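The structure appears below as structure tokens.
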Amino acid sequence: MIVAYGVANLLQSVAAARTTVHHTFDPGLLLRLAGHRTYLIGLGCQVAGFVLAFLARRDLPLFLVQASVAAGLGVTAVLGVVVLKWRLPAAEVALLVLLFAGISGLVLSARPAPSKQLGTAGLVALVVALGVIGVLGFFAVRLHGAPGSVALGSLAGMAFSAAAVAARPLASAPSMEAFAGDPLLYLLIAHSIVGQLLLGLAMQRGSTTAAVAAMDAAGAVPAAIVGLLLLNDKIWPGREWLAATGFLVTLAAVIGLTRYAEPQHHHAVAGEPDRAMVGVGSPARPG
2 MIVAYGVANL LQSVAAARTT VHHTFDPGLL LRLAGHRTYL IGLGCQVAGF
52 VLAFLARRDL PLFLVQASVA AGLGVTAVLG VVVLKWRLPA AEVALLVLLF
102 AGISGLVLSA RPAPSKQLGT AGLVALVVAL GVIGVLGFFA VRLHGAPGSV
152 ALGSLAGMAF SAAAVAARPL ASAPSMEAFA GDPLLYLLIA HSIVGQLLLG
202 LAMQRGSTTA AVAAMDAAGA VPAAIVGLLL LNDKIWPGRE WLAATGFLVT
252 LAAVIGLTRY AEPQHHHAVA GEPDRAMVGV GSPARPG
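Dropping the structure here:
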């Protein structure tokens with residue numbers, strides 16, 4: 002799952018770099034991105050990661066699964082160094098080590114348990130969240146550069162977090178009929194599509210690390226809180242300190258990675274004449 006999300010982040014960022022930047026909340030961006038084979042392969046990796054995460058959410062707490070998804074950023078960074086010749090400062094390497102340590106603490110503290118079901122109030126909250134994220138995205142899409150990457154990435158994280166909340170009880174559906182007829186399935190799909198659009202817009206603004214780190218940071222906390230309060234997420238007795246430390250270390254490492262995020266690509270902007278773009282293999286940081 003971690004590797005699948007890491008590869009997906011990298012491939013989708015390459016495709017986003019080759020697509021003209023748009024400053025409107027246009028769902029047509031997903032269709033334009035789908036014209037790139039690289040994006041489709043990355044999307045396939047993301048779907049594979051999503052399926053594995055969905056199955057994991059049947060019994061594992063959301064704070065562990067969402068943190069594991071966030072760890073895909075480390076895989077993205079390593080692949081960026083190997084494949085695209087990105088340059089990572091020593092501080093970022095240290096943050097990746099902290100990320101691994103935080104995930105390890107969560108793995109040791111998480112206690113498997115089946116999910117509780119969301120009531121009507123939970124369904125209404127997910128619908129309201131979808132509308133709020135969409136409205137905020139309509140305005141955030143006007144931001145440029147790293148601020149745009151962080152703002153749109155954060156909103157994408159909130160959408161994927163809501164999808165994770167829907168997936169946890171949905172994964173326990175007793176039959177395919179119950180699964181297909183559950184409103185949570187359609188809320189999961191809606192939040193995932195909105196999140197995918199926001200992530201594509203965030204990556205277009207040039208900083209893949211900032212977009213993905215902001216997404217993971219914004220998505221981890223709400224899902225963890227909802228899981229512990231409402232969905233029967235469990236921690237092994239006596240390991241609460243390990244879970245808290247692991248989660249905070251993971252979150253700090255992900256947020257810290259945004260500090261070193263510099264624009265990795267140059268794009269043409271919608272409405273401007275097409276220009277030759279710098280190759281996607283250019284270094285992510287100054288030498």
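Under the numbering used here, the first residue of the sequence shown carries the number 2, and numbering increases by one thereafter. Glycine is no exception: its CB is placed at the ideal position from the N, C-alpha and C atoms. Owing to the predicted nature of the structure, the values given are computational and were not obtained by experimental measurement.
Would DSSP call residue i helix, strand or coil?
i, result
"R58", "coil"
"L119", "coil"
"G81", "helix"
"G50", "helix"
"R88", "coil"
"G36", "coil"
"P264", "Residue placement at P264 is flagged as unreliable, the pLDDT there being 43, under the threshold of 50; a coordinate-derived value is accordingly withheld."
"P284", "Residue confidence for P284 is low, a pLDDT of 36 falling below 50, so the modelled location carries little weight and cannot support an answer."
"M278", "The predicted position of M278 is uncertain, since its pLDDT is 34 and thus under 50; a value taken from the coordinates is nonetheless stated next. M278 falls in the coil class under three-state DSSP."
Just confirm the distance between the C-beta atoms of residue i and residue j, as a whole number of angstroms; I'd bet it's less than 8 Å.
i, j, result
"A218", "V255", "5 Å"
"A221", "A71", "6 Å"
"G106", "G247", "3 Å"
"L185", "A167", "4 Å"
"G154", "L200", "7 Å"
"L97", "A78", "6 Å"
"R169", "L56", "11 Å between Cβ atoms; not a contact."
"G81", "L12", "Not confirmed; about 11 Å, so no contact."
"R206", "G146", "6 Å"
Along the chain, where does the alpha helix (DSSP H) that runs through residue i open and close?
i, result
"L97", "91 to 110"
"A114", "Element bounds for A114: n/a, residue is neither H nor E."
"Q67", "63 to 71"
Under 8 Å between the Cβ atoms of residue i and residue j?
i, j, result
"A191", "L131", "yes"
"A1", "G43", "Within the shown structure, residues of the chain are numbered from 2 to 288, placing residue 1 beyond reach of any answer."
"R58", "A165", "yes"
"S162", "P115", "no"
"A160", "V195", "yes"
"A111", "L65", "yes"
"G123", "L231", "yes"
"A203", "G149", "yes"
"L109", "L243", "yes"
"L99", "V213", "no"
"G158", "G73", "no"
"L41", "A5", "no"
"L61", "P113", "yes"
"V94", "I3", "no"
"L183", "L171", "The sequence as given places Asp at residue 183; Leu does not occur at that position. Yes; because the gap between Cβ atoms is below 8 Å, this pair is in contact."
"A215", "V151", "yes"
- Length-filtered (3 minimum) beta strand (DSSP E) runs lying within the region 121 to 183: none
- Item | In chain order, each alpha helix (DSSP H) run of at least 4 residues that lies wholly inside the region 185 to 217 | none
- Contiguous alpha helix (DSSP H) assignments of at least 4 residues, all confined to the region 216 to 260: 241 to 258
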